Amino acid sequence: MNALAAQLVPNSKREELLATPGFGDIFTDHMVTMRWTADVGWHDPQVGPLAAMPMHPATMALHYGQTIFEGMKAFWRPNGQRALFRAKDHARRFNNSARRMAMPTLPAEDFVAAVEALVRVDGAWVPPTRGHSLYLRPFMIASQTGLGLRPAEEYLFSVIGTPSRPASLEPKAMRLWAAPEYIRAAPGGTGAAKCGGNYGGSFIVQREAAANNCDEVVWLDARERRYVEEAGGCNLFFVESTSDGPRLRTPPLSGTLLAGITRNSILRLAQSLGYPVSEKPITLDEWEQSCRDGRITETFACGTARSIVPVGHVVSAHQDWPVGDGTAGPVTSQLHQTMLDIHHGQAVDDFGWMRLIRTEDPTE
Ligand code: PLP
Ligand code: COI
């Protein structure tokens, strides 16, 4: 991959920024770009300075929404190494999104190489703090100029990075807002793809959630408006109490929710810790009733950006109930800490999820 030198943020400034990262408001020094055209395929991979992208006003992505993205993380390890979490699985999902949006797929090894190239050159931007990470945003847009209503024949793939701190480092449990008059995805639609429109269409409800003192939306199924699908930007897990101990339950991948990589990791990790798991539909009413009668003792949301966050309350125009005592329960905390141990190389990575990256950190 060609590399162009960037004007680096000075070490002292970067360290100051890394001490208190937020999410998605500061960016690393570089970006990766690669182009696709129908005649040549993928070409011109570059690692260059982070820069604005000039665009013709008729760029197709702006009009017809052919935009997809991934969200993945690189973590700092106590020995100074950096490691990416489940990079190939993100590549696979990126290509599923591309197929659904009639966009070109990118060989998984090229996707991973592009992300690795950014972490290598911007390794100094991986925050050296447990729970913090460098969030990587690979994305692809239809870059062709034209207003014809058809899939574009030119695309731009890029990877940018932003140091991030998950909300879950703060003890506050989330309040979720259920608004049955809105849906995120319907059968046959794009719910299982990570495409821009899924998010743009959700903001009106996110705003409603905030107006009702809630942190996120909980989405219900499109047909019956009863079944819990996922929350905004994350999947949901329920901890059920049984005479044999706790077990985990999560809604099945119906085609209308995102197949979260954290969700899949938790299903596997929980089993390895001895918790039975099931992928079984649950209605909003069952969730409420089970919290009230103690059959559900914990609920948590999980996703790359958010990590693992307890759900403390569920609120709608007609209902409002606490989950457990409204704070993180023991199963949620155990899974969160075990996942962090794996991310930061403090537990054996039995699943082969972490990919070590040799970086060009100027501070080393
Ligand atoms: N659901 C939606 C709609 C998301 O945007 C995300 C975030 O990527 C998730 C679930 C969680 O997926 P993952 O764990 O792969 O980040
Ligand atoms: C992620 O967790 O990576 C997401 O994509 C959620 C949100 C920031 C869009």
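Under full-length UniProt numbering, the final residue of the sequence shown carries the number 364; numbering is consecutive throughout. Cβ coordinates follow ideal geometry from the N, Cα and C atoms, glycine included. This structure is a prediction, so every number in the text was calculated from the model and none was measured.
Rounded to the nearest angstrom, what separates Pro10 and Thr28 at their Cα positions?
12 Å
Is the closest heavy atom of ligand 1 to the C-beta of Thr256 under 7 Å?
no
If you measure between the beta carbons of Val309 and Ala301, is that distance less than 8 Å?
yes
Within the present structure, is the beta-carbon of Arg306 separated from the nearest heavy atom of ligand 2 by less than 7 Å?
yes
Where Ala173 and Asp215 are concerned, what is the direct C-alpha to C-alpha distance, given to the nearest angstrom?
9 Å
Rounded to a whole number of angstroms, what is the C-alpha to C-alpha distance between Glu208 and Ser202?
Each residue's Cα considered, the two are about 10 Å apart.
Go through its chain and collect everything with a Cβ distance to Val112's Cβ below 7 Å, but skip five positions before and after it.
Ala87, Lys88, Ala91
Using three-state DSSP, classify Phe75 as helix, strand or coil.
Phe75: strand per DSSP, three-state reduction.
Between Val159, Leu8, Arg249, Gly71, which has its C-alpha nearest Arg35's C-alpha?
Val159
Assuming Val311 and Leu176 make a contact with CB atoms under 8 Å, what is their CB distance in whole Å?
6 Å
What are the boundary residues of the beta strand (DSSP E) that Ser164 is part of?
154-164
Touching or not, the region 55-69 and the region 113-129, by the rule of three or more beta carbon pairs under 8 Å?
no
Is the distance from the Cβ of residue 366 to the Cβ of Phe23 below 8 Å?
An answer regarding residue 366 cannot be provided, because it is not within the stretch 1 to 364 covered by the chain.
CB of Cys302 to nearest heavy atom of ligand 1: below 7 Å?
yes
On the premise that Ala305 lies in contact with Gly71, defined as a C-beta separation below 8 Å, what is that separation, rounded to the nearest angstrom?
That pair is a contact at about 6 Å.
Determine the direct distance from the alpha carbon of Gly41 to that of Tyr199, and round the result to whole angstroms.
28 Å
Following a CB-centred definition, is Tyr199 positioned closer than 7 Å to any heavy atom of ligand 2?
Yes, the Cβ of Tyr199 comes within 7 Å of a heavy atom of ligand 2.
Between which two residues does the beta strand (DSSP E) carrying Arg313 extend?
At residue 313 the sequence reads His, which differs from the Arg that was named. His313: member of the beta strand (DSSP E) spanning 307-316, first to last residue.
With Ile26 as the anchor, note down where its beta strand (DSSP E) starts and where it stops.
Segment: none, Ile26 is in no beta strand (DSSP E) and carries neither H nor E.
Which residue comes first and which comes last in the alpha helix (DSSP H) that contains Gly200?
It spans 196-200 - the alpha helix (DSSP H) in which Gly200 sits, taken as one unbroken run.
Can you tell me the Cβ-Cβ gap for Gly255 and Gly303, rounded? I've got them flagged as a contact below 8 Å.
No, Gly255 and Gly303 are not in contact; Cβ-Cβ is about 19 Å, not under 8 Å.
Could you give the distance in angstroms between the alpha-carbon of Gly161 and the alpha-carbon of Pro322?
36 Å
Taking 8 Å as the cut-off, does the region 270-277 touch the region 241-248 (at least 3 CB pairs, one atom from each stretch)?
yes
So Val218 packs on Ala231, CB below 8 Å; how close in whole Å?
5 Å
Would you identify the three-state DSSP class for residue 384, choosing helix, strand or coil?
For residue 384 there is no data in the structure shown, the boundaries of the chain being 1 and 364.
Hey, would you say Phe238 sits closer than 8 Å to Ile183, going by beta carbons?
no
Consult DSSP for Gln46 and reduce its assignment to one of helix, strand or coil.
strand
Using the Cα positions of Leu284 and Gly345, report the straight-line distance between them to the nearest angstrom.
38 Å
Give the secondary structure of Leu340 by DSSP, where H, G and I count as helix, E and B as strand, and everything else as coil.
helix
Give me the DSSP bridge partner(s) of Tyr135.
Lys73, Thr162
Would a C-beta distance cut-off of 8 Å place Ala222 and Ala178 closer than the cut-off?
no
Tell me the DSSP bridge mates of Cys214?
According to DSSP, Cys214 bridges with nothing at all.
Thinking just about the alpha-carbon of each residue, which of Gly329, Ala83, Glu229 is nearest to the one in Pro180?
Glu229
Can you name, in chain order, every residue of its own chain whose Cβ lies under 6 Å from the Cβ of Thr299, other than the five neighbours on each side?
Phe238, Val311, Val323
Which residues mark the beginning and the end of the alpha helix (DSSP H) in which Trp177 is found?
Where Trp177 is concerned, there is no enclosing alpha helix (DSSP H), although the beta strand (DSSP E) it sits in stretches over 174-178.
Which class does Ala83 belong to by DSSP, given the choice of helix, strand or coil?
strand
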